[in-house]
Amino acid sequence: MSEDRISLRDAPVDIPIRDDVPAIPLTGDETLDRYTRIELLREERAIAEKFHGGRMWPYVVAAWGGFAVWLSLFPLTMLDIVPLPIAFVVSCVLATGGYVTSHEAMHSNIARAGTQYRWVNEWVGKVSTIPIVFPFSMARIMHLEHHYHCNDPEKDPDYTDEAPNALMAWYKTWYNRQPGVDGSIHHYKRILAEMGTPEADKALKDTLVLQLLFMTVLFTMAWAGYALEAALVWWLPRHIGLSYIRFYLSWAPHHPREGKTGRYEQANIFKSRLGHVMSMCMETHLIHHLYPSIPNHRTKAAYLALKPILDKRGVDVSAI
Amino acid sequence: MENAVKGLFKIMPFLFGIGFVAPLIAQTMIYWGWRPPLGLTPISFGLLIGVPWGLYATIRGRWV
Chain A
598 MSEDRISLRD APVDIPIRDD VPAIPLTGDE TLDRYTRIEL LREERAIAEK FHGGRMWPYV
658 VAAWGGFAVW LSLFPLTMLD IVPLPIAFVV SCVLATGGYV TSHEAMHSNI ARAGTQYRWV
718 NEWVGKVSTI PIVFPFSMAR IMHLEHHYHC NDPEKDPDYT DEAPNALMAW YKTWYNRQPG
778 VDGSIHHYKR ILAEMGTPEA DKALKDTLVL QLLFMTVLFT MAWAGYALEA ALVWWLPRHI
838 GLSYIRFYLS WAPHHPREGK TGRYEQANIF KSRLGHVMSM CMETHLIHHL YPSIPNHRTK
898 AAYLALKPIL DKRGVDVSAI
Chain Z
-19 MENAVKGLFK IMPFLFGIGF VAPLIAQTMI YWGWRPPLGL TPISFGLLIG VPWGLYATIR
41 GRWV
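Structure, rendered in structure tokens:
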């Protein structure tokens, strides 16, 4: 049995990719023999290699600049320097977009562990998801778990986002955040508690601290006479951002999830009504699952280059 | 300490009703120039809504 491996970078374990079992499925095409599959994989990797890395400093500027702007919205709205409706729109964009920059840091695409600028990678991740009150330590562990166990109903932490249609998916983004529902961050907390590793414990503590900070800021601002500012700069943009992220980064590229655990079927190639950028480059999310080291902004170009190979693998490439 | 924090999070919706929902209702009313009924002050009206709503969310596990 020959075996190859794919790394998610900094992951505690590697995911084995075996070429003699359906873990590399040939859905829709049973004419390829073992030799052809190995050759295709080699060719696929050679093409994908060209899209790894690239200029990552714009993610750093976006993360740190965005966080600075977001922080500044608090005094600027309290002093009536920036109108609340404008601050609200800006905050929604920053809260939602922050996940994209954080996501690159989760995969260590900005700087790998042990390199000179590793701290940049970590601080990009840490500040990016503060507006959505989602600590980087928790986000990284849960996202890597999602990669390891993608679409497994028991083990994929994001499986709770599954819904039969888009309307229900939007509803579920809200429903899963309800205090008594085992979805979203409540689901993550339970998984981390079950994991019991030092990293998971730290992530749980980080979550408690950030949530307490969030509540303290909201309560203090509200009782000091700035409830509208707190609501429109942090509370509501957080909810809108989380729903948007859950829909476009979790439901849309993975629906339907049931039984889609194979390497080439974990995510879809789809056409978004809002376009590639507004859907946060999720139209070609399959490329991210195949090669997490390819930065988000290069997944479409990588997809177009890989399209003939993916077609041979049985991937539905008709959308783009 | 850990148990205390966990306990705090169990009643967080109730605290959220008092700490955030009530003043948010009051200040929204003032912003739009709405007068609370029965001669109540805006914050009393906010608490009248926020406290039971937060209690409901704590007990039922849903805001709606």
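Quick mapping for you: the protein sequence lines, in order, are chains A and Z. The first sequence lines up with residues 598 to 917 when you count with the numbering used here. The second sequence lines up with residues -19 to 44 when you count with the numbering used here. Backbone N, C-alpha and C define an ideal beta-carbon position, used for all residues, glycine too.
Under 9 Å, do A:I884 and A:I729 count as touching if we go by C-beta distance? no
Let me see if you follow: with CB-CB separation under 9 Å, is Z:R40 close to chain A or not? yes
What does a CB cutoff of less than 7 Å around A:V914 pick up in its chain, not counting 5 residues either side in sequence? I866, K904, L907 and D908
Are any of the Cβ atoms in chain A nearer than 9 Å to that of Z:G(-1)? yes
Which bits of chain A does Z:W43 rub up against, with CB to CB less than 8 Å? Q775 and P776
Going along chain A in order, which residues have a C-beta closer than 7 Å to the C-beta of Z:A37? P776
Using the C-alpha atoms, what's the distance from A:E855 back to A:L764? 18 Å
Only counting the same chain, and skipping five residues up and downstream in sequence, which positions put a Cβ closer than 7 Å to that of A:I707? M653, Y656, V657, E701, V717, N718 and V721
If you run the structure through DSSP and keep just helix, strand and coil, what is A:P889? coil
Please list, in chain order, the chain A residues whose beta carbon lies closer than 8 Å to that of Z:M9. Within chain A, no residue comes near Z:M9; the closest Cβ sits about 11 Å away, beyond 8 Å.
Give me the Cα-Cα distance between A:C747 and A:W831, rounded to the nearest whole angstrom. 31 Å
Nearest-angstrom beta carbon gap, A:V666 and A:V679 [assumed within contact, 8 Å]: In fact, because the Cβ distance is near 10 Å, the residues do not count as touching under 8 Å.
Does the CB of Z:A(-16) have a neighbour CB from chain A at under 9 Å? no
Where are the alpha helix (DSSP H) runs, 4 residues long or more, that stay fully inside the segment 749 to 824 of chain A, in chain order? 763 to 772, 781 to 792 and 795 to 818
Outcome for A:G838 when other beta-carbon atoms lying within 10 angstroms are tallied against a minimum of 16: buried
Nearest chain Z C-beta to A:L805 closer than 9 Å, yes or no? yes
What residues from the segment 639 to 656 of chain A come within 7 Å of chain Z, judged by C-beta to C-beta, listed N to C? none
Name, please, each residue of chain A whose Cβ falls closer than 7 Å to the Cβ of Z:P16. Near Z:P16 there are no residues of chain A at all, since even the closest Cβ is about 15 Å away, more than 7 Å.
If you pair each beta-carbon of the segment -4 to 12 of chain Z with each one of the segment 816 to 829 of chain A, do three or more pairs fall below 8 Å? yes
Identify whether A:T624 lies in helix, strand or coil by the three-state DSSP scheme. Since pLDDT at A:T624 reaches only 47, below the 50 mark, its modelled position is unreliable, and no value is offered.
So A:D779 packs on A:S847, CB below 8 Å; how close in whole Å? That pair is no contact at about 16 Å.
Cβ closer than 9 Å: which chain Z residues qualify as neighbours of A:G822? P3 and Q7
Run of the alpha helix (DSSP H) containing Z:I29, from where it starts to where it stops: P22 to R40
Report yes or no: is there a C-beta of chain Z within less than 9 Å of the C-beta of A:M812? yes
Reference A:M812, options A:H704, A:M703, A:P795 and A:I727, closest by Cα: A:I727
Please list, in chain order, the residues of the segment 824 to 846 of chain A that have any C-beta partner in chain Z closer than 7 Å. A824, L825 and A828
In chain order, what residues of the same chain have a beta carbon less than 7 Å from the beta carbon of A:D755, not counting five sequence neighbours either side? H743 and S847
According to DSSP, simplified to helix, strand and coil, what is A:N706? coil
Can you tell me the Cα-Cα spacing of Z:I23 and A:L673, whole angstroms? 25 Å
Tell whether a beta-carbon distance below 9 Å holds between A:C878 and A:T896. yes
Spatial distance of A:R602 from A:Y745 (CA atoms): Unreliable positioning characterises A:R602 in this predicted model, as indicated by a pLDDT of 41, which lies under 50. A coordinate reading is not provided.
Listing by chain order, which chain Z residues have their CB less than 9 Å from the CB of A:F919? Chain A is shown from 598 up to 917; residue 919 of chain A falls before or after that span and cannot be answered.
Does DSSP classify A:S573 as helix, strand or coil? An answer regarding residue 573 of chain A cannot be provided, because it is not within the stretch 598 to 917 covered by chain A.
Relative to the alpha-carbon of Z:R91, which residue among A:T804, A:P776, A:Q808 and A:I891 has its alpha-carbon at the smallest distance? Any question about residue 91 of chain Z goes unanswered here, given that chain Z covers just -19 to 44.
In chain Z, which residues lie with their C-beta within 8 Å of the C-beta of A:A864? By Cβ distance, chain Z contributes nothing, its closest Cβ being about 31 Å from A:A864, past 8 Å.
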